[in-house]
Each structure stands twice: as C-alpha cells, then as structure tokens.
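Report on one structure; see the data block that follows.
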C-alpha cells in the first residue's frame, strides 16, 4: 500500500491508490472510478498543510501533472492556470506577458489549488487572501462531471468553493485576477519588541506590505516593508545583522514582485496560525509574547505578525473583517501540541479563527459560531457531494463535528 506524508512529516497516510492524472479527462476518470468503487477521494499538492487535510485511506490524487499557464486575458486582467501549478511557477510566465499576482505569502512552494482552498495569504491591510483573487474555477464533481463556477454563473457555489479545502470537488483550473507586473523595494531591520509595537499602527498604514517576526530568545523583532517602485533591479549595500535574526533580514533590494515575496524555508517545522480582528492584533500578540516568555522559554522559533483585508468567501478566516494573522512555529520532530494548544487558548480570547491548513484542535461545534455563512457553505457541500466522497476524518471533525 502506498505511503504518503506531509511536508513536515507530522501527518502520514496509507492511501489505497495514488493517482497522477495528466489531463482533465484523466482526472474526471479517476474521480468517477473512485465513486463507482465507493472510495473516498482527497487531493494533494505540496503537502504543506500541518493537519490531516489530505490524508485518506482511499484514492489520493496528485495534481503534479496538471501544471502551467493555460491562458491570459489581457482585457479582463485575468490568468488561468492548471490547479497543480506551484506558486513559484506562476511568476515567470505572468511576467513574460506583463502581469503579476497582486500579493503572495512568504512561502511559494504550495500548489495554487491548495493555497486558494485554505485561504493562504500574504500581508497588507488593503490586500485580501489568494482566494479573493479567483474569478472562476473548473471543478470536477464527485460523479466525474466538470462545472465552470464563477460569480456570474453561481454566486452561492462560487462563494463556497473559493475556500473549501477540497470538500466540494477537485479543482482542475483556476482563473485569477492579476495586475500589471510591478517591482518591489524591500527593506528590513532589527529592533526591540517594544519599539516595534510602539510604531506598529503607523507602519501598517504607511506601507503596502508590513510584517514582523519576534524572536523570543533575544526579545528582538525583524521587521520588513515592501513597497512598489520604479527603481532599477538590484541589491543595495546594506549588511544584515549577525546572529539569530540574520535569516529574516535581507539586504535592501529591488526586484520583480514574485521574486521579492518569498523567503527561504530550509528547516522543517510545524505551525499554528489564527486570524483575529485587526483591532485585536496588538493585544493578542502581547498576550502570546507573555505566554512564551513565561510558559515556553525553550521555544526558539519566532512569532510572525501580518495583516489581511476582509473578503466574502463563506469559510474564509478573514470573512467580513480586516484581520491580523499571527503564526507560531516549532521545529519538526519536537513536541508542539501543548504549546500550540496554549496559543490556541490565547487566540480564543481575541476572537480568533484558525487557518484551515495549520494546527488547531477545534471541531465544527465550535467553528460554526465563528463563520456567519457556515450553513450556506454546508448547503452547497451537501448539494455537490451528498455522499461525502471528498470527506476524511479531519474534514468530518471540522465541518460536521
């Protein structure tokens, strides 16, 4: 029986079959065949989720053979990609046609299908998550048929499918809103935690992108701003600091946006991330700061603080509210559940909603109250997949209870 594990090694599964369709027709055949044998179906991209989102003992579908740019519509400023395309594969072909994604996260190894399905995001108070960039998708349903879904064709289904964790079907193509290609000027620096907090609101308001990492062992922050520029591509003569923060601080530089957004992630880790209302962000990170200093002084990994604009996807953690997202990490292989559970309790104090691809222990009984359109999503799910072909134990817990 095949074996599968996620990126960090924290989730393992033994699917009965691993399928790698190389066309949409093959994808349809795999899904229809699984339904005929009453087997469950899950889809995997890079495996960058830290929860058993993709785990199954049924058919596991890899989209690695469904990659690349399908088309660009310059008049509508949209681009269509195969759903298995990794985010790092999108920048170059878009640039060649004069376009770019409006925002990205600081990791670009995820498949675009998984990234939109879990509301993956970058930072910027005026910039919503990757799911909000969708204008249409092609979705393979449980019987193997394909539907084109957009705001015009079916607003209810579109609002559900944009953040759906693969529970409604298998994405084969995604069409996303794009911008004219642009360059970013990156500046980063180190400063004490309190100095960073004192100017937090000012810096968020003054920059297209602002984020910071707090390093617990030294109580210092690595802060970063990214802003559009017309300056020439190049690296400025600045020397990053030595020591713990060196990996988070780059020399000042200018480059095309898709080259600036990602950061190297060479060490394996597990992660928890919650989204809180933007106004609650400072108090929440201060409570986490105190928790780590007093209860978990041995955790060396930093806290990451970012901002995200509101959107209207039914299960988006940023639904109907400007948000701050706060992430905590622990090295892969080290115990993390108690640490993350303590952080989760802090997030609960501040109205937190969990990232769907990162550690959390809540079930539908609790999650339902956090999402005003929960029942509308459930109605779409039951309409499209009444037999639960795309469900697994994790989805049963978080979507059913």
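In the numbering used here, the protein residues as written are 1248 to 1648. Using N, Cα and C, we set each Cβ at its ideal position, and we do this for glycine too.
Checklist entry - Alpha carbon to alpha carbon, what distance is there between residue 1467 and residue 1536? => result 11 Å
Checklist entry - Pick from 1539, 1282, 1492, 1553: whose alpha carbon is nearest that of residue 1592? => result 1539
Checklist entry - Taking three-plus beta-carbon pairs below 8 Å as touching, is the segment 1338-1358 in contact with the segment 1419-1427? => result yes
Next on the checklist: Short of 8 Å in beta carbon distance, which residues of its chain neighbour residue 1261, apart from the five on each side in sequence? Order them along the chain.
Outcome noted: For residue 1261, the CB contacts under 8 Å within the same chain, skipping 5 residues up- and downstream, are 1248, 1249, 1250, 1251, 1304 in chain order.
Checklist entry - With C-beta atoms as the reference, is residue 1552 less than 7 Å away from residue 1459? => result Yes.
Next on the checklist: Count Cβ pairs between the segment 1579-1596 and the segment 1623-1635 that sit closer than 8 Å; are there 3 or more?
Outcome noted: Three or more beta-carbon pairs separated by less than 8 Å are not found between the segment 1579-1596 and the segment 1623-1635, which leaves the two stretches without contact.
Item to check | Inter-residue CB distance, residue 1572 and residue 1372 (contact presumed, cutoff 8 Å) | outcome: About 12 Å; that fails the 8 Å criterion.
Item to check | Alpha-carbon spacing of residue 1523 relative to residue 1301, whole angstroms | outcome: When rounded, the distance between both Cα atoms is 26 Å.
Item to check | Classification of residue 1336 by the beta-carbon crowding that lies within 10 angstroms, buried from 16 upward | outcome: buried
Next on the checklist: Let's test the definition: count the other Cβ atoms within 10 Å of the Cβ of residue 1270 and tell me whether it reaches 16, buried, or not, exposed.
Outcome noted: Around the Cβ of residue 1270, a 10 Å sphere holds fewer than 16 other Cβ atoms; the residue is exposed.
Checklist entry - On the premise that residue 1265 lies in contact with residue 1309, defined as a C-beta separation below 8 Å, what is that separation, rounded to the nearest angstrom? => result About 6 Å separates the two Cβ atoms, so the contact holds.
Next on the checklist: Using CA atoms only, rank isn't needed, just tell me which of 1327, 1452, 1531, 1379 is closest to residue 1411.
Outcome noted: 1379
Item to check | Spatial distance of residue 1349 from residue 1514 (CA atoms) | outcome: 27 Å
Item to check | Residue from 1391, 1448, 1473, 1648 whose Cα sits closest to the Cα of residue 1352 | outcome: Considering only alpha carbons, the answer is 1473.
Checklist entry - Are there three or more Cβ pairs, one per stretch, closer than 8 Å when the segment 1500-1510 is compared with the segment 1558-1566? => result no
Checklist entry - Is residue 1419 near residue 1385, with beta carbons less than 7 Å apart? => result Less than 7 Å divides the Cβ of residue 1419 from the Cβ of residue 1385.
Checklist entry - Rounded to a whole number of angstroms, what is the C-alpha to C-alpha distance between residue 1497 and residue 1525? => result 27 Å
Checklist entry - Do residue 1557 and residue 1567 have their C-beta atoms within less than 7 Å of each other? => result yes
Next on the checklist: My output table needs one value for residue 1371: the three-state DSSP class, helix, strand or coil.
Outcome noted: Residue 1371 falls in the strand class under three-state DSSP.
Item to check | Delimiting residues of the alpha helix (DSSP H) encompassing residue 1448 | outcome: Counted as a single uninterrupted DSSP element, the alpha helix (DSSP H) harbouring residue 1448 occupies residues 1447-1453.
Item to check | Straight-line gap, residue 1330 to residue 1635 (C-alpha atoms, nearest Å) | outcome: 22 Å
Checklist entry - Terminal residues of the continuous beta strand (DSSP E) containing residue 1466? => result From DSSP, residue 1466 is part of no beta strand (DSSP E); its letter is neither H nor E.
Next on the checklist: Is it buried or exposed, residue 1493, if we count other Cβ atoms within 10 angstroms and call 16 or more buried?
Outcome noted: Burial check for residue 1493: the Cβ neighbour count within 10 Å stays below 16, so the residue is exposed.
Next on the checklist: Three or more C-beta pairs under 8 Å: does that hold for the segment 1601-1617 against the segment 1388-1408?
Outcome noted: no
Next on the checklist: Check for me: the beta strand (DSSP E) holding residue 1459 runs from which residue to which?
Outcome noted: 1456-1462
Checklist entry - Terminal residues of the continuous beta strand (DSSP E) containing residue 1218? => result Examination of residue 1218 is not possible in this model, given that the chain is present from 1248 through 1648 alone.
Next on the checklist: Less than 6 Å between C-beta atoms, sequence neighbours within five positions excluded: which residues of the same chain meet that for residue 1594?
Outcome noted: 1521
Item to check | Length of the line joining the Cα atoms of residue 1368 and residue 1289 | outcome: 23 Å
Checklist entry - When burial is assigned at 16 or more other CB atoms within 10 Å of the CB, is residue 1584 buried or exposed? => result By the neighbour-count rule (16 or more Cβ atoms within 10 Å), residue 1584 is not buried but exposed.
Checklist entry - Residue range of the alpha helix (DSSP H) that residue 1533 falls in? => result 1528-1542
Checklist entry - How is the alpha helix (DSSP H) around residue 1320 delimited, first residue to last? => result DSSP places residue 1320 outside any alpha helix (DSSP H); the residue lies instead in the beta strand (DSSP E), whose first and last residues are 1316-1320.
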